[in-house]
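Taken in order, these protein sequences are the chains called A and B. Residue numbering for the first sequence follows our numbering, beginning at 2 and increasing consecutively. Residue numbering for the second sequence follows our numbering, beginning at 2 and increasing consecutively. Think of the CB as a built atom: it goes at the ideal place given N, C-alpha and C, for glycine as much as any other residue.
2 protein chains.
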Amino acid sequence: MVRTARFSAEHFVDAAIALVAEGGPGAATMQAIARRVGAPTGSIYHRFDSRSAILAAAWNASYGSLARLLVPLLQAGRPREAALALIPWAGEDRPRARFLLLHEPVALFEDAPPPEPLRQAMEQLEAEMDQAFRACIARFGDGTIRDEDLSRAKFLIFDAPIAILRPHLLAEAPIPAFAGQMMAELHAGLPFAGARAGTTHAA
Amino acid sequence: MVRTARFSAEHFVDAAIALVAEGGPGAATMQAIARRVGAPTGSIYHRFDSRSAILAAAWNASYGSLARLLVPLLQAGRPREAALALIPWAGEDRPRARFLLLHEPVALFEDAPPPEPLRQAMEQLEAEMDQAFRACIARFGDGTIRDEDLSRAKFLIFDAPIAILRPHLLAEAPIPAFAGQMMAELHAGLPFAGARAGTTHAA
DNA sequence: ATCATTCTAGAACGCTCAATCTATTTGTAT
DNA sequence: ATACAAATAGATTGAGCGTTCTAGAATGAT
């Protein structure tokens, strides 16, 4: 090698995540990212081709962290534990949680789409998560996967827990204890897959 | 009067809502709004002081439409019907629903805060909705309102239904029939207020 | 010690945007 | 008809953005 880098790709990604978490996607300008790291703007381009490349890397890092948590639990057939695991996950790294859960990805890439290799990585992560959901459902029913079952599972394990966490993430408040209780009640109250009230079976 | 206006404030607001719904807050530039209406950019400033004024007006129009739907039902003590009413509301005007439910307000005003009179109108609308939630809860318990009860109510009537609708709004797909069933099961499964399992009462 | 390479450093460029400005058009009241 | 107020019309301005460019500094291999 030739010269030690003062600023790593991770530094820039972390800064981007923090900026988006605090002020929305528009707050993560190249200059703001550089300022936060203490680097000149030009140095960012030694690590990333463009702004959308940083944002895609930030999304991959955040979503990847979530996938590493949820996918094993889903494949093991433990949906309830997956939903509950979101609480400590959100508590451990609030900027990452706010980045991922509070802003639509579409808003990150409205100026320019992410470069090809990163876009593929994003799709791969989403496909992995989708497959894990399907594997989890298959364990509870007769093996066939219906759209309705997939929607229910994603709601119970992903969207509903996020909806429970969102107000507290927005308010920068700690996650209250009853959040976990609400998730548990949710899973107790809604049939997961297979036997659904009023459709295939009675009651 | 002196000259008939070709472009009303409503035209510009509708265009802004549609643009945000389609491509996120950044897509609603003054020039894009003007182009969509068929007006020159300067004409927008005869109706609105600034870009954030339009976006605030758009938010007020959308949230106001939602408040007019939910507040009476909440005050009448019909939370389940309020939650279910969101489905036809979202179906009737998709751009408005996408504008309001798919993007965090913080992303709308990250460049500049809304001007004072509009900011107050926004707060007033949110306060009205909050009061309606409290009134609804008070009918079910002994009159006292706890934070946990308020969180549960807002989740059941607002955030959870939105979480059910969100994937279908994002995909531009029609809202499937089982969405309503999921909301109904949700309300059947989670205690609304007052008697909560494991806290004040047993079972 | 020198070279090749990779980084820092930050000024500069081109572009788009919100907002302003000047000129023109239009409908109404006199 | 004419005057006037309010709107259209769109070029212009200045700021901020992403990106590029030029220069210099640092490091390991020769």
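- With respect to A/Glu124, A/Val72 sits apart: the two C-beta atoms are not nearer than 8 Å.
- For A/Arg52, the secondary structure class from DSSP, reduced to helix, strand or coil, is helix.
- Using a CB distance cut-off of 8 Å, A/Arg120 does not count as an interface residue toward chain B.
- Residue-level contact check: A/Phe179 touches chain B, since one or more beta carbons of chain B fall below 8 Å from its beta carbon.
- Taking 8 Å as the CB threshold, B/Glu127 stays off the interface with chain A.
- Secondary structure at B/Leu191: coil, using DSSP grouped into helix, strand and coil.
- Neighbourhood of B/Ile165 in chain A, by CB distance below 7 Å: Phe156, in chain order.
- Taking 8 Å as the threshold, the shortest C-beta distance from A/Arg7 to chain B does not fall below it.
- One thing to note: B/Asp160 has its Cβ within 8 Å of the Cβ of A/Ala164.
- Contact of A/His12 with chain B by beta-carbon distance below 8 Å is absent, the smallest such distance being about 23 Å.
- For the pair B/Gly142 and B/Asp150, the CB atoms are nearer than the 8 Å cut-off.
- About 5 Å separates the Cβ atoms of B/Ile146 and B/Arg135, confirming a contact at the 8 Å cut-off.
- DSSP places B/Ser9 outside any alpha helix (DSSP H), giving it a letter other than H or E.
- Boundaries cannot be given for A/Asp160, as no alpha helix (DSSP H) includes it and DSSP labels it neither H nor E.
- Here the alpha carbon of A/Leu101 sits roughly 25 Å from the alpha carbon of B/Glu127.
- Interface annotation, A/Met123: not in contact with chain B, CB-CB separation never under 8 Å.
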